[in-house]
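Participant:
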Amino acid sequence: MRGLRHATPAGVLHQGNNRMKNALKASSSAALERTFRSARADLDAIRDRIADLQAERAKVEFMPRDLGTIEKEVDQAIEAAIRNRPLFFPFLLRQEPHYLPVIGAFNKSFEMNAFGVFAALDAPRLKAAIMATMPTDGLTQESRSAQLARLDAEILSAEIAEEVACRELELALGTDMPRRADVNPAILLAPDVEIGLEVETVDEAR
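Sequence positions in the sequence shown follow numbering that gives the first Met the number 0 and run 0 to 205.
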């Protein structure tokens with residue numbers, strides 16, 4: 000779990016901790032109840048944030064490629080199709096009689112490679128027709144990678160804050176707090192110090 004501590008937003012993590020400590024020192028059960036509700040609300044807010052970040056990450060991950068990359072691939076496909084000369088009928092060059100009508104050769108070529116025939120007949124219109132169906136809000140690979148890295152870091156930070164909140168509530172209430180079904184196991188198993196949890200120790204020398 001190297002690096003978890005550095006991913007922890009200290010201000011977010013320890014607000015609930017300080018409130019809980021102050022409440023435990025108070026004798027009023029009402030104050031403790033209010034503090035528990037506030038801490039639980041903080042935990043729920045963190046979990047809502049995690050859900051939002053995960054949804055945003057899934058959206059970025061599955062967004063289409065950018066238009067420039069798609070256009071380049073279409074150009075390459077059209078150029079390759081034209082190089083294969085789908086409308087070249089060698090039998091027309093022979094001096095001896097042939098028995099394959101041009102229309103039949105064309106139909107056969109079209110049946111086997113309609114894309115190539117369209118590319119040979121009118122490459123610009125074929126390209127325009129294809130590009131007109133493509134989305135314009137795609138992402139380059141560089142942009143996708145950068146956004147995913149940012150979201151992964153934010154998710155990690157929020158998940159650490161969530162685990163800290165759970166452990167603080169467990170310490171205060173003496174009972175286990177339920178975790179999300181998709182909780183990060185590395186964070187769940189991390190020692191307190193790795194996630195920046197402040198734990199008060201008792202001085203045995205006193």
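C-beta atoms are modelled at their ideal positions from N, C-alpha and C, and glycine is treated no differently.
Using the beta-carbon count (16 or more within 10 Å), is Ile102 buried or exposed?
Facilitator: Along the sequence shown, read from residue 1 onward, the residue named residue 102 stands at position 103. So Ile102 counts as exposed.
Participant: Which stretch, first to last residue, makes up the alpha helix (DSSP H) that contains Gly207?
Facilitator: One cannot answer for residue 207 here, as it falls past the ends of the chain, which runs 0 to 205.
Participant: Excluding the 5 residues preceding and the 5 following Pro134 in the sequence, name in chain order all residues of the same chain whose CB lies nearer than 7 Å to its CB.
Facilitator: Taking the sequence shown and counting its residues from 1, one reaches residue 134 at position 135. Pro63.
Participant: So, for Asn183: in the same chain, excluding its five sequence neighbours on each side, which residues have a beta-carbon less than 6 Å away from its beta-carbon?
Facilitator: Position 184 of the sequence shown, counted from the first residue, corresponds to residue 183. These residues qualify, in order along the chain: Glu158.
Participant: For my contact list, Pro85 and Ala122 are in at a C-beta cut-off of 8 Å; report their separation, rounded to the angstrom.
Facilitator: Looking up residue 85 in the sequence shown gives position 86. Looking up residue 122 in the sequence shown gives position 123. Actually they are not in contact, since the Cβ atoms of Pro85 and Ala122 sit about 12 Å apart, beyond 8 Å.
Participant: Just the C-alpha distance for Phe88 and Arg124, rounded to the nearest angstrom, thanks.
Facilitator: As a first step, residue 88 is located in the sequence shown; it is residue number 89 there, counting from the start. As a first step, residue 124 is located in the sequence shown; it is residue number 125 there, counting from the start. Whole-angstrom Cα-Cα distance: 24 Å.
Participant: Within this structure, are the beta carbons of Ala160 and Ala38 separated by less than 9 Å?
Facilitator: Along the sequence shown, read from residue 1 onward, the residue named residue 160 stands at position 161. Along the sequence shown, read from residue 1 onward, the residue named residue 38 stands at position 39. No. Outside cutoff.
Participant: Tell me where the alpha helix (DSSP H) around Thr135 begins and ends.
Facilitator: Here the question's residue 135 lines up with position 136 in the sequence shown. That residue, Thr135, is in no alpha helix (DSSP H); it is neither H nor E in DSSP.
Participant: Which value, in whole angstroms, describes the spacing of the CA atoms of Leu207 and Ile194?
Facilitator: Shown here, the chain extends from 0 to 205; a query on residue 207 therefore has no answer.
Participant: To which residues of the same chain is Ser142 closer than 8 Å at the C-beta, ignoring the five residues directly before and after it?
Facilitator: The residue labelled residue 142 in the question sits at position 143 within the sequence shown. Counting only Cβ-Cβ distances below 8 Å, and skipping sequence neighbours, we find Asp65.
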